[in-house]
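Enquirer:
In this note's numbering, the protein residues as written are -3 to 418.
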């Protein structure tokens, strides 16, 4: 048997219910999918972490193929067991004609029900499968095993009760014992419990990863530690337009609470804004720089912060898009410290190019460049031939907290795309 693919397209409208089919999608922090069509893209910019619908459909199809393979195996095994039971019951038909006949009818209904459920597994439902996109293959397969085992158990349990009732008066017959054994095997939950235990182990191991690498949790889209208003802006800031109420609230929320900076922009400093945040560690840094999803989220965070400044990244240059907001931003002293964290985070997480674009902008617009941001500029080790160019050793304290500066791994390599030697 093969998958039954829907005749229509994905069948899910874009966020504004336009007539055009969606072409891209983004999974928000709470795993809700946001879809973008052609008309959406004429009014807003596509987020960096968006994926095309064609790619999403391909991934969903692969996950469904894997799930269907599991379903086929499980259902075939169950059907074989029930067919064996039917054979055993036929051997007893001479002695238990009426009761066995009823049992066989129930058995046939049982098989039909399992076959129907197996057939239903061929149906391709985008609305269900889109929830699996954020899961890795191991987690997805485990979840499907549990779902299918539970579904089969529920069906088996219903028919088990019916057949046991038919045969209860003859349970002392030796011939019936093998039938009872097969019946009991059909409601054996040992495999289901094994999968549930494995899922708990998976969740436990994931928790341990988050404990050891807490910043990866945020960069993988889990924003529950972040203020609700900032979470909302992370999903919608690209939809805001100049001189609107929405962007005014955005500027206000971003200005009054800087806790989000330490969460969205991890670096080698403990946060002065949010003590519950965790300082980046070198092992965690090595994990982040090689993960494409975390890279995209970091860039998305950066572009949202630039929007708060009243500027935007246009190709390889940062330009002012809201001069009033930029002037307000530059006059607030705490924004200098916030921008230092952003630049430091980008620099040590393999986004040095974007960090240097921001630094160039501070120089061009005389925003604390000479007294602060010059220390983050291109270094001699990075190819700066200017006679006044600084070395990493001169500016080490701008990237590393004091207690980390003598660590073996605390070298210029933190500003590159290379793993740190530990």
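The C-beta atom is built at its ideal place from N, Cα and C for all residues, glycine as well.
1) Going by C-alpha distance, which of 306, 49 and 29 is nearest residue 361?
2) Between the alpha carbons of residue 376 and residue 126, how many angstroms are there, rounded?
3) On the DSSP bridge assignment, give the partners of residue 47 in chain order.
4) Quickly, what does DSSP pair residue 29 with across the bridge? List them, please.
5) Throw me the rounded Cβ distance for the residue 423 and residue 66 pair, which I believe falls under 8 Å.
6) Ends of the beta strand (DSSP E) at residue 313?
7) Starting from residue 342, trace the alpha helix (DSSP H) in both directions and tell me its first and last residue.
8) By the three-class DSSP mapping on this structure, what secondary structure does residue 226 have?
9) By DSSP, does residue 307 sit in helix, in strand, or in coil?
10) Skipping 5 residues on each side, what residues in its chain have a beta carbon closer than 6 Å to that of residue 295?
11) Under DSSP, the alpha helix (DSSP H) around residue 162 begins and ends at which residues?
12) Given a cut-off of 8 Å, decide if residue 77 and residue 182 are closer than it, judged by their beta-carbon atoms.
13) Return the bridge partner residues of residue 119 from the DSSP annotation.
14) Which residues does DSSP list as the beta-bridge partners of residue 396?
15) Using the three-state DSSP reduction, which class does residue 233 fall into: helix, strand or coil?
16) Just to check, is the beta-carbon of residue 76 closer than 7 Å to a non-hydrogen atom of the ligand NAD?
17) I believe residue 418 touches residue 279 by the beta-carbon criterion, under 8 Å. Please report the beta-carbon distance rounded to the nearest angstrom.
18) If you follow the alpha helix (DSSP H) that residue 36 is in, where does it begin and where does it stop?
19) When the Cβ atoms of the region 29 to 39 are set against those of the region 9 to 17, are three or more pairs found closer than 8 Å?
20) Are three or more beta carbon pairs between the region 317 to 337 and the region 356 to 374 nearer than 8 Å?
21) Work out the CA separation of residue 291 and residue 50 for me, nearest whole Å.
22) Excluding the 5 residues flanking residue 233 on each side, which residues of the same chain have their C-beta closer than 7 Å to its C-beta?
23) Using 8 Å for Cβ pairs, my map puts residue 256 next to residue 222. What's the rounded Cβ distance?
24) Indicate the three-state DSSP secondary structure (helix, strand or coil) for residue 413 in the structure shown.
Expert: Reading from the atomic positions:
1) 306
2) 48 Å
3) 21
4) 23
5) An answer regarding residue 423 cannot be provided, because it is not within the stretch -3 to 418 covered by the chain.
6) 313 to 316
7) 330 to 344
8) It is helical.
9) strand
10) Counting only residues of its own chain and dropping the five nearest sequence neighbours on each side, residue 295 has a CB closer than 6 Å to the CB of 44.
11) 133 to 163
12) yes
13) Under DSSP, residue 119 takes part in a beta bridge, and its partners are 0.
14) Per DSSP, the beta bridge partners of residue 396 are 264.
15) For residue 233, the secondary structure class from DSSP, reduced to helix, strand or coil, is helix.
16) Ligands displayed in this structure: none; no statement on the ligand NAD is therefore possible.
17) Contact flag correct, Cβ pair sits at about 7 Å.
18) 34 to 37
19) Under the 8 Å Cβ criterion, the region 29 to 39 counts as touching the region 9 to 17, having at least three qualifying pairs.
20) yes
21) 22 Å
22) 246, 300 and 303
23) 5 Å
24) coil
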